[in-house]
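There are 2 protein chains.
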Amino acid sequence: MTEHGSATNPATESVGIQTTGVTVPQGFAAAAVKAGIKPSGKPDMALLVNNGPDYHAAAKFTRNRVVASPVKWTRANNDGSFRAVIVNAGNANACNGAQGDADSQATAEKTAEVLGIEARDVAVCSTGLIGDVLPMDKILTGVDNLAPLLSEEVAAGHAASQAIMTTDLVHKESVYHGKGWSIGGMGKGVGMMSPSLATMLVFLTTDANFDDASQLDDALGAATNTTFDCLDVDGSTSTNDTVILMASGASGVTPDPHEFKDAIHQVCLDLAMQLQADAEGVTKRVSITVTGAASDTEAKDAARVIGRDNLFKCAMFGSDPNWGRVLAAVGMAPVEMDPEKINVSFNGSPVCVNSTGAPGAREVDLSGADIAVEVDLAVGEGRATVWTTDLSYSYIEINSEYST
Amino acid sequence: MTEHGSATNPATESVGIQTTGVTVPQGFAAAAVKAGIKPSGKPDMALLVNNGPDYHAAAKFTRNRVVASPVKWTRANNDGSFRAVIVNAGNANACNGAQGDADSQATAEKTAEVLGIEARDVAVCSTGLIGDVLPMDKILTGVDNLAPLLSEEVAAGHAASQAIMTTDLVHKESVYHGKGWSIGGMGKGVGMMSPSLATMLVFLTTDANFDDASQLDDALGAATNTTFDCLDVDGSTSTNDTVILMASGASGVTPDPHEFKDAIHQVCLDLAMQLQADAEGVTKRVSITVTGAASDTEAKDAARVIGRDNLFKCAMFGSDPNWGRVLAAVGMAPVEMDPEKINVSFNGSPVCVNSTGAPGAREVDLSGADIAVEVDLAVGEGRATVWTTDLSYSYIEINSEYST
Numbered sequence: 001m002t003e004h005g006s007a008t009n010p011a012t013e014s015v016g017i018q019t020t021g022v023t024v025p026q027g028f029a030a031a032a033v034k035a036g037i038k039p040s041g042k043p044d045m046a047l048l049v050n051n052g053p054d055y056h057a058a059a060k061f062t063r064n065r066v067v068a069s070p071v072k073w074t075r076a077n078n079d080g081s082f083r084a085v086i087v088n089a090g091n092a093n094a095c096n097g098a099q100g101d102a103d104s105q106a107t108a109e110k111t112a113e114v115l116g117i118e119a120r121d122v123a124v125c126s127t128g129l130i131g132d133v134l135p136m137d138k139i140l141t142g143v144d145n146l147a148p149l150l151s152e153e154v155a156a157g158h159a160a161s162q163a164i165m166t167t168d169l170v171h172k173e174s175v176y177h178g179k180g181w182s183i184g185g186m187g188k189g190v191g192m193m194s195p196s197l198a199t200m201l202v203f204l205t206t207d208a209n210f211d212d213a214s215q216l217d218d219a220l221g222a223a224t225n226t227t228f229d230c231l232d233v234d235g236s237t238s239t240n241d242t243v244i245l246m247a248s249g250a251s252g253v254t255p256d257p258h259e260f261k262d263a264i265h266q267v268c269l270d271l272a273m274q275l276q277a278d279a280e281g282v283t284k285r286v287s288i289t290v291t292g293a294a295s296d297t298e299a300k301d302a303a304r305v306i307g308r309d310n311l312f313k314c315a316m317f318g319s320d321p322n323w324g325r326v327l328a329a330v331g332m333a334p335v336e337m338d339p340e341k342i343n344v345s346f347n348g349s350p351v352c353v354n355s356t357g358a359p360g361a362r363e364v365d366l367s368g369a370d371i372a373v374e375v376d377l378a379v380g381e382g383r384a385t386v387w388t389t390d391l392s393y394s395y396i397e398i399n400s401e402y403s404t
Numbered sequence: 001m002t003e004h005g006s007a008t009n010p011a012t013e014s015v016g017i018q019t020t021g022v023t024v025p026q027g028f029a030a031a032a033v034k035a036g037i038k039p040s041g042k043p044d045m046a047l048l049v050n051n052g053p054d055y056h057a058a059a060k061f062t063r064n065r066v067v068a069s070p071v072k073w074t075r076a077n078n079d080g081s082f083r084a085v086i087v088n089a090g091n092a093n094a095c096n097g098a099q100g101d102a103d104s105q106a107t108a109e110k111t112a113e114v115l116g117i118e119a120r121d122v123a124v125c126s127t128g129l130i131g132d133v134l135p136m137d138k139i140l141t142g143v144d145n146l147a148p149l150l151s152e153e154v155a156a157g158h159a160a161s162q163a164i165m166t167t168d169l170v171h172k173e174s175v176y177h178g179k180g181w182s183i184g185g186m187g188k189g190v191g192m193m194s195p196s197l198a199t200m201l202v203f204l205t206t207d208a209n210f211d212d213a214s215q216l217d218d219a220l221g222a223a224t225n226t227t228f229d230c231l232d233v234d235g236s237t238s239t240n241d242t243v244i245l246m247a248s249g250a251s252g253v254t255p256d257p258h259e260f261k262d263a264i265h266q267v268c269l270d271l272a273m274q275l276q277a278d279a280e281g282v283t284k285r286v287s288i289t290v291t292g293a294a295s296d297t298e299a300k301d302a303a304r305v306i307g308r309d310n311l312f313k314c315a316m317f318g319s320d321p322n323w324g325r326v327l328a329a330v331g332m333a334p335v336e337m338d339p340e341k342i343n344v345s346f347n348g349s350p351v352c353v354n355s356t357g358a359p360g361a362r363e364v365d366l367s368g369a370d371i372a373v374e375v376d377l378a379v380g381e382g383r384a385t386v387w388t389t390d391l392s393y394s395y396i397e398i399n400s401e402y403s404t
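Residue numbers (the UniProt record's numbering), protein chains in the order written: chain A, 1 to 404; chain B, 1 to 404.
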């Protein structure tokens, strides 16, 4: 890890020494408990508190129109400041009607009460099965039990990152060290795109000093647009997706705006790559870069259409350089293209030139875990990368027997 | 089978007696041969000829912008008249550049030569792997061998329906008997929506009498819009999809326009259901009916979004009444809805009322092969049904090891 450097994640850390996570920046405390919501009995509630002196915050939410009660609560109170985030895993509190809304509010109120703050300063996040009423006795007891465990130790952030997991196989943490300030992050979910159990939740903390939340909002919006928003595991979008960034100002250091923006991007990218690597049933990490589009937005749309195509995803699972599926998929993208001039490469080897097969295309080796697909639409300068995964037997196994 | 009646398919016929298919209407001959294109050595070329006296025709093609050479040829010559259709299976002749275009033209010219007609009156269709150059020696020899086998016997249409299969497990034929006239049909493919190997090809014949092709075009457009266009197996769309209807006028009978339109719809629906039932890896036949939409088009769009959601499809595979996935999926549909008032039923049992779980929702039995999902968006009178399938291990198995 560099002093003034790039994002690092747990995989690069020494075993037993947790030096990443949301409590690395000064001014943040976290805690985790077993509230009894997950059938497994594992930790399932986490609390993250900003001890100040500043309480600036920015947040981004799912674009799904069916949104969970905690998203409604947090979105309604997203006014540039949050002092705490209360999270439960194992129950999404989505599609529970007025009862769900009341339960999210009660969770915020209880958290505010034990922390001695206002309920509107508490963000609420839930992840798990849609459509089951939240066990409020367990939730409220969980909040009571979380408060005395709050700690600014790195281990506390680490515990929180584990408590928010659902079908995640590994926890996800990241940190960026600036000169005298830092950013910490944790996330869960198998992708931006997965309802029910696969909600993406990301929590970022920083002790950098800002006058207000506007710079946080700018940096977070720019970063999510090119990281989490470009992660497309299965084309589905959760009712609960939430990304929250809180700034304590505790370092007293005001970072260079460009460095801060870049640092937020690095941490988000690092967490996004961790989410991709732990996606449900993943055996291949696939990046799809579209170039030559009319705009960056059209490039992203085209890359997403390819990334969502089940036949393409099956070919990736089979390490099959069946580039025809890329052509067939991109041909349905609602973007400008020259259908006779499309170029495709797999792992740097041209497999299709001017929409026609290249020599040796069927022999390209895709047996590794990482596959880079590049598609040139031949009409402009637009460019974007979307990250997806293959479609494997495990994905079906995980997702065919969830609620029952 | 009724004299004046509804579409029938092979499953309802006595074993050994083939009374359905494209040669049932008067004036049509068919043939099939083994040209050596399929590695399996099975029949892989078919010829369907309209012997007149009329040669009216209508055709519909894939909406994919990357289109195969045979589609380019047939679309360019779609002027209200075709006298023959030449089909090969095992090679899609897609993404083969100028060579592919020349090969499709040469195939049409050769067919025209042996039949003594004009090349522009020959429709060309190919289905199979994308990106391999067509083995023209085999194709041209195949055409030579097809011509002397042409027969108006029902068995000849049956043989043709088998020669056009790729990963199809069963052939698909249908017939409608009017008073003194009939419609015959054959199809292949595992859905409207599947590139590479899964192209949908449908050929319809009728001996009904018309002045020109306009009524054929109207009837075919209306029928495909509510049948094949509503079949969505995996969200993918082939580069080769083609539906062709030819009318010989040989019966001399001009049917009532409404009956004819309804009959074409019945035959298309029957073939669409056969395609759904034979979809790659299918274990569940799922119908998704959206009601209460702002328009029929919005209802279809919403139903399609649900039908393409992998998490929903996995739940269907697992017979899991996880209605939350329906809500999460439909929430991303770009249509008008009231997110707090959505109703969902599975097989007639309400599982979600006003976007909230209904009592007993988790116990609804989805163990049968047919699952009917109904979703009420609560904003209007629009209604549509989309047919899809579950996402199974077999789908991945079939599609992960195709080209190599």
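Just so you know, even glycine gets a beta-carbon here, dropped at the ideal spot from N, CA and C.
The straight-line gap separating the alpha-carbon atoms of Val66/A and Met337/B is approximately 10 Å. Annotated three-state conformation of Ser126/B is strand, per DSSP. When secondary structure is reduced to three states using DSSP, Met136/B falls in the helix class.
Closest option to Asp44/B, judged by alpha-carbon separation, among Ile117/B, Phe61/B, Gly142/B: Gly142/B. Within the stretch 335-357 of chain A, the residues whose Cβ lies closer than 8 Å to some Cβ of chain B are Met337, Pro339, Glu340, Ile342, Cys352, Asn354, Ser355, Thr356, Gly357, listed in chain order. With contact defined as three or more Cβ pairs closer than 8 Å, the stretch 378-392 of chain B and the stretch 312-323 of chain B are in contact. A straight-line Cα-Cα distance of about 13 Å links Cys95/A and Val330/B. With a minimum length of 4 residues, the unbroken runs of alpha helix (DSSP H) contained wholly in the stretch 278-356 of chain B fall at 296-307, 310-317, 324-330. Thr227/A and Ala272/A do touch by the CB rule: their CB atoms are close to 4 Å apart, below 8 Å. With respect to chain B, the C-beta atom of Val290/A has no partner C-beta closer than 8 Å. A contact between stretches requires three or more CB pairs, one per stretch, nearer than 8 Å, and the stretch 30-44 of chain A meets this requirement with the stretch 137-152 of chain A. Contact between the stretch 43-59 of chain B and the stretch 202-214 of chain B is present: three or more C-beta pairs spanning the two stretches fall below 8 Å. When 7 Å is used as the limit between beta carbons, Ser238/A is near these residues of chain B: Ala328, in chain order. Restricted to the stretch 203-265 of chain A, the beta strand (DSSP E) segments that are unbroken, complete and at least 3 residues in length are 242-247, listed in chain order.
When rounded, the separation of the alpha-carbon atoms in Ala89/A and Gly128/A is 6 Å. In this structure Lys313/A is buried. Its beta-carbon is surrounded by 16 or more other beta-carbon atoms within 10 angstroms. Taking the C-beta atoms as reference points, Gly360/B is found no nearer than 8 Å to Gly131/A.
The alpha-carbon separation between Lys110/A and Lys188/A amounts to approximately 24 Å. Closest in alpha carbon position to Gly97/B, among Ala112/B, Leu134/B, Ala76/B, Thr74/B, is Leu134/B.
Counting every other CB atom within 10 Å of its CB across the protein chains shown gives Pro255/B a total of 16 or more, marking it as buried.
Chain-order list of chain A residues neighbouring Asp234/B: Asn310, Leu311, by C-beta distance under 7 Å. Contact between the stretch 70-90 of chain A and the stretch 256-268 of chain A is not established, with fewer than three Cβ pairs separated by less than 8 Å. Against Leu129/B, the close residues of chain A are Asn322, Gly324, in the order they occur along the chain (beta-carbon pairs closer than 9 Å).
In the assembly as shown, Gly348/B is an exposed residue. Its beta-carbon has fewer than 16 other beta-carbons within 10 Å.
In the three-state DSSP reduction, Met200/A falls in the coil class, being neither helix nor strand.
DSSP links Val170/A through a beta bridge to no other residue. For Val335/A, the closest of Glu374/A, Glu363/A, Ala378/A by C-alpha to C-alpha distance is Ala378/A.
Judged by DSSP secondary structure, Trp73/A falls outside any beta strand (DSSP E) and instead within the alpha helix (DSSP H) spanning 69-76. Cα atoms of Asp241/B and Thr62/B: separation of roughly 5 Å, rounded to the nearest angstrom. Cα atoms of Val170/A and Gln162/A: separation of roughly 8 Å, rounded to the nearest angstrom. Lys110/A carries a helical assignment under DSSP once its states are collapsed to helix, strand and coil.
Listed as beta-bridge partners of Ser81/A by DSSP are His56/A.
In terms of CA proximity to Pro39/B, Asn91/B leads the group Pro70/B, Asn91/B, Gly221/B. Those residues of the stretch 357-387 of chain B placed with their C-beta closer than 8 Å to a C-beta in chain A are Gly357, Ala361, Arg362, ordered along the chain.
By the Cβ neighbour-count rule, Glu153/A is exposed, with fewer than 16 other Cβ atoms within 10 Å of its own. At least 8 Å separates the CB of Asn225/A from every CB of chain B.
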